[in-house]
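Numbering (the working numbering), first residue to last: 208 to 450. For glycine and all other residues, C-beta sits at the position ideal for the given N, C-alpha and C. Structure, as structure tokens:
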């Protein structure tokens, strides 16, 4: 048996080096997922809630505490309730204290109660965020909200933006709302790995909205941004086709 030619050995060495570099690249992407998925996480000083807002501190089974802001409409214009509720789920780089006053005031004027749950690991909420942990927190949060006498449990809407649409989809599969608003949604985040030349199975937080929302029966509004650099516009179209 003849030995490989020098040229063939060089080719194999180059291929081995490229595979090694690719493995390192995939490893870096894998370990960078907390920063890529949850760039807004971290203990930071938050702004005080808008006037008339209640701050609720929720304790979860693992001992983690998370914040929730809740504001109901003015009683002199909309009565004492029970009120329909909008649960606002922000994107991965935001916090509940950013722009909350405008959103709450607008929805309150329309007669809605507004809840802004803060994800674990964000702002004053404890812990570290993940798909499973934050979704479980939100399920318990909604359960506590609909138990309040001022909230109409039959008229709850989830309003998610960017990564908040992923939590909204997972939450809707577990606690179906009366309606769903998805602003620049993702179909499934594991496929984003392909945009970075990495295999999808490396993604720790796949957020399979295609599974969670397939055949979702409640009214759903999808707001698509054709120039969004994070959530592919095609995801909005594909998700709408599944409903």
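query                                                                                                                                                        : result
In its own chain, which residues sit with a C-beta less than 6 Å from the C-beta of residue 285, not counting the 5 before and 5 after it?                   : 318
Since residue 407 is in the alpha helix (DSSP H), which residue starts that stretch and which ends it?                                                       : Unbroken run through residue 407: none, as it is neither H nor E.
Express the C-alpha separation of residue 344 and residue 413 in angstroms, rounding to a whole number.                                                      : 18 Å
Exposed or buried, what is residue 238 when buried is set at 16 or more other beta-carbons lying within 10 Å of its beta-carbon?                             : exposed
Helix or strand or just coil, what does DSSP make of residue 335?                                                                                            : coil
List in chain order: all unbroken beta strand (DSSP E) runs of 3+ residues lying wholly within the segment 250-327.                                          : 261-266, 272-278, 290-296, 320-324
On the three-pair Cβ rule with 8 Å, is the segment 279-294 touching the segment 238-257?                                                                     : no
Check for me: the alpha helix (DSSP H) holding residue 453 runs from which residue to which?                                                                 : The requested residue 453 is not part of the displayed model; the chain covers only 208 to 450.
Give the range of the alpha helix (DSSP H) segment to which residue 374 is assigned.                                                                         : 370-381
Under the rule that 16 or more other beta-carbon atoms within 10 Å means buried, what is residue 225, buried or exposed?                                     : exposed
With distance defined between alpha-carbon atoms, name the residue in 438, 383, 374 nearest to residue 398.                                                  : 438
Under three-state DSSP, which class holds residue 450?                                                                                                       : coil
Using the rule of at least 16 other Cβ atoms within 10 Å of the residue's Cβ for burial, across every protein chain shown, is residue 297 buried or exposed? : buried
Could you tell me whether the Cβ atoms of residue 269 and residue 331 are closer together than 8 Å?                                                          : no
Does the beta-carbon of residue 366 have 16 or more other beta-carbons within 10 angstroms, so that it is buried, or is it exposed?                          : buried
Below 8 Å, can you find three or more Cβ-Cβ pairs linking the segment 416-436 to the segment 232-250?                                                        : no
Output yes or no for whether 8 Å exceeds the beta carbon distance between residue 381 and residue 346.                                                       : yes
Once the 5 residues before and after residue 393 are set aside, which same chain residues still bring their CB inside 7 Å of it?                             : 372, 373, 414, 416, 438, 442
Count the other CB atoms within 10 Å of the CB of residue 369; is the residue buried (16 or more) or exposed (fewer)?                                        : buried
May I have the straight-line CA-CA distance separating residue 234 from residue 228, to the nearest angstrom?                                                : 10 Å
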